[in-house]
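Each remark here refers to the structure printed beneath this line.
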Amino acid sequence: MFYKLQHTTQGSAARAGVITTDHGQIETPIFMPVGTAGTVKCIHQHQLIDPIQAQIILGNTYHLYLRPGTEILQEAGGLHKFIGWSRPMLTDSGGYQVYSLAANRKIAEEGVTFRSHIDGSSHLFTPERSLDIQHEIGADIIMAFDECPPYPSTREYTETSMELTHRWLDRCVDHQRKSKPKYGHRQHLFPIVQGGSFDDLRRKSCEYIADQDMPGNAIGGLSVGEPTEDMYRISKLCCEILPAEKPRYLMGVGTPANLLECIDRGIDMFDCVLPTRNARHGLLYTADGIVNIRNKKWANDHSFLDYRGWQHSPNSDDISPAFPQHTKAYLRHLIHTKEALGAMVCSLHNLTFFLWLVGQARAHILNDTFAIWKAEMVPMLERRL
RNA sequence: GGGGGUGCGCCACAGUUGGAGAGGUGGGCUGGACUGUAAAUCCAGUGUUUCGGCUGAGUAGGUUCGAAUCCUACCACCCCCA
């Protein structure tokens, strides 16, 4: 069984479950650090295990295809071996690059032609090609090739785009059924719901996606600039339609508060660049709120951040020796001077916090204390310190 | 001691060789943004102000309708000679 739903908590749609892959299990709800180009930026694989305790990380089809290229990945025996990561992995299909590289791509029925951001060369991604590359990369969970429309988009554009994503999905599912695993482990295809901020389109897309009977389902096209209420409303709406016996993955979300709100609405999996990118820019997430460590007010603050014990070891409640504690004044200095260590320590800090947060959410779901815990946590998480 | 050169905004560089820049670029500094990573990136502000202005090109004078620009003295720094 790919996914086991363990418990749906009282007074909320939040649930706890376990995903089983050939590279091990994932306890949900889970946050997945983004490792676009074969690395979670500024973080070593050892640190993903301790103190971060990541259970699964992401890679990106477009970026890995351009560099190092799938030939080298295949020589290595797949991305797991190439980077030295034996836990589960997920690859995005390149669908997000259809959105983020809008200036350098052309969408057609057949697929999307990208101009490489590295050398300007042209590359055609079709649903089949995206899956082939993902097979060559070898992630445990692979994503359907979709179009992620920008916000705002007209209803007409969003509907046309959604229908294209659905047709591409048919081709992905067909291609996946014909494909054999390359490295001896299974690869599970997740389709992606689209439909923008339009409730009826989202319903239609959810039904279409659910009918494919894939091992898990994803919600795309959110966190692209829409109001947060839209993100929450659409997440809830989708979770009510997507089957309960399969994991639900909300792509590209989000802030700590976003995670708790969307877990509350029935989401099981998240990924986001926010903890790593913002760490490099000096924004630290804590249980007490958000700290912009660049701010002058920390220059003479020689105290530690209030960690509340969340930088735990895998098997104890003690602070992990792998978690480097530094004063706010020192962290500010590192970020100000653009020292590499600043980006590293702050990335480690944020990811450790994100994984702790979803772990706490899971514990509270299992104890049926999630709803009250979430209500207390969210205002704290959104505070600016 | 003699000769030559250069001086403006927190810093550097560029530019201005009689018709007013509170101006350029980069850095620093102070904020802000960042959500399936073209992001260790990007944006804004950075004399003063009662928002109308005011002050400002090393300092002090001078020439001129008008000076950052020309002249004189002084100061500082740089180079060359002794």
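The numbering of the first sequence is my numbering, which starts it at 6 and goes up by one.
Every residue, glycine too, gets a C-beta built ideally from N, C-alpha and C.
Note that the structure is predicted; figures quoted are calculated from it, not measured.
Using the three-state DSSP reduction, which class does residue i fall into: helix, strand or coil?
i       : result
Gln-192 : coil
Pro-280 : helix
Glu-387 : helix
Ser-98  : coil
Gln-79  : helix
Tyr-162 : helix
Asn-355 : helix
Gln-60  : coil
Ala-19  : coil
Val-350 : helix
Asn-65  : strand
Ala-328 : For the sequence presented, residue 328 should be read as Phe rather than Ala. Phe-328: coil per DSSP, three-state reduction.
Ala-249 : coil
His-171 : helix
Ala-1   : The displayed coordinates of the chain run from 6 to 390. Any statement about residue 1 would go beyond what the structure contains.
Tyr-312 : coil
Lys-187 : coil
Arg-72  : coil
Lys-111 : strand
Asp-127 : The amino acid occupying residue 127 in the given sequence is Ser; Asp does not appear at that position. In this structure, Ser-127 counts as strand in the three-state DSSP scheme.
Start and end of the alpha helix (DSSP H) containing residue i?
i       : result
Leu-339 : 333 to 341
Glu-152 : Looking at the DSSP string, Glu-152 is not in any alpha helix (DSSP H), and its letter there is neither H nor E.
Gln-199 : Note, Gln-199: premise wrong, no alpha helix (DSSP H); not H, not E.
Lys-86  : 84 to 88
Ile-54  : 50 to 54
Confirm, please, whether the CB-CB distance from residue j to residue i is below 7 Å.
i       : j       : result
Ala-327 : Asp-55  : yes
Leu-289 : Lys-379 : no
Thr-3   : Ile-123 : Look at the range of the chain in this structure, 6 to 390, and you will see that residue 3 is not part of it.
Ser-135 : Gly-99  : yes
Tyr-8   : Ile-31  : no
Ser-210 : Val-229 : no
Asp-273 : Ser-17  : no
Asp-151 : Gly-201 : no
Ser-105 : His-140 : no
Ile-147 : Gln-217 : no
Tyr-392 : Cys-153 : With the chain covering 6 to 390 only, the question about residue 392 has no answer from this structure.
Ile-298 : Ile-340 : yes
Pro-196 : Met-219 : yes
Asn-2   : Lys-241 : The chain is shown from 6 up to 390; residue 2 falls before or after that span and cannot be answered.
Arg-337 : Ala-376 : no
Met-37  : Asp-276 : yes
Ser-166 : Thr-281 : no
Ile-35  : Val-363 : yes
Ala-149 : Leu-174 : yes
Ile-239 : Thr-14  : no
Thr-41  : Asn-65  : yes
If I'm right that residue i touches residue j with Cβ under 8 Å, what's the distance once you round it to whole angstroms?
i       : j       : result
Thr-96  : Leu-63  : 7 Å
Ile-57  : Thr-357 : 5 Å
Arg-253 : Ala-21  : About 13 Å separates the two Cβ atoms, so there is no contact after all.
Leu-227 : Val-258 : 6 Å
Pro-93  : Ile-61  : 4 Å
Ser-91  : His-28  : 6 Å
Ala-19  : Gly-347 : Not quite, the Cβ-Cβ distance comes to about 35 Å (not below 8 Å), so this is no contact.
Leu-206 : Thr-163 : 6 Å
Suppose you measure from the CA of residue i to the CA of residue j; what does that come to, to the nearest Å?
i       : j       : result
Glu-168 : Val-296 : 42 Å
Glu-344 : Gly-287 : 12 Å
Ala-59  : Phe-203 : 34 Å
Tyr-130 : Val-39  : Contrary to the premise, residue 130 reads as Phe rather than Tyr in this sequence. Roughly 21 Å between the two C-alpha positions.
His-331 : Ser-121 : 40 Å
Glu-231 : Tyr-156 : 6 Å
Met-385 : Asp-306 : 21 Å
Cys-244 : Thr-342 : 45 Å
Gly-89  : Glu-161 : 45 Å
Glu-114 : Gln-365 : 44 Å
Val-117 : Ile-77  : 24 Å
Lys-302 : Gly-294 : 16 Å
Ala-249 : His-68  : 33 Å
Pro-261 : Cys-267 : 10 Å
Trp-361 : Val-45  : 17 Å
Asp-235 : Arg-176 : 30 Å
Ile-246 : Thr-33  : 19 Å
Over the uninterrupted beta strand (DSSP E) stretch that includes residue i, give me the two end residues.
i       : result
Arg-134 : It is not in any beta strand (DSSP E) - Arg-134 instead sits in the alpha helix (DSSP H) that spans 132 to 142.
Ala-215 : No beta strand (DSSP E) contains Ala-215, which is instead part of the alpha helix (DSSP H) from 204 to 216.
Tyr-290 : 288 to 291
His-12  : 8 to 13
Asn-297 : 294 to 297
Ala-262 : Taken as a continuous stretch (DSSP letters only), Ala-262 belongs to no beta strand (DSSP E), being part of the alpha helix (DSSP H) at 261 to 269.
Ile-391 : In the structure as shown, the chain begins at 6 and stops at 390. Residue 391 is therefore absent and cannot be evaluated.
His-222 : What sits at residue 222 in the sequence shown is Asn, not His. Note, Asn-222: beta strand (DSSP E), 222 to 224.
Arg-120 : 117 to 120
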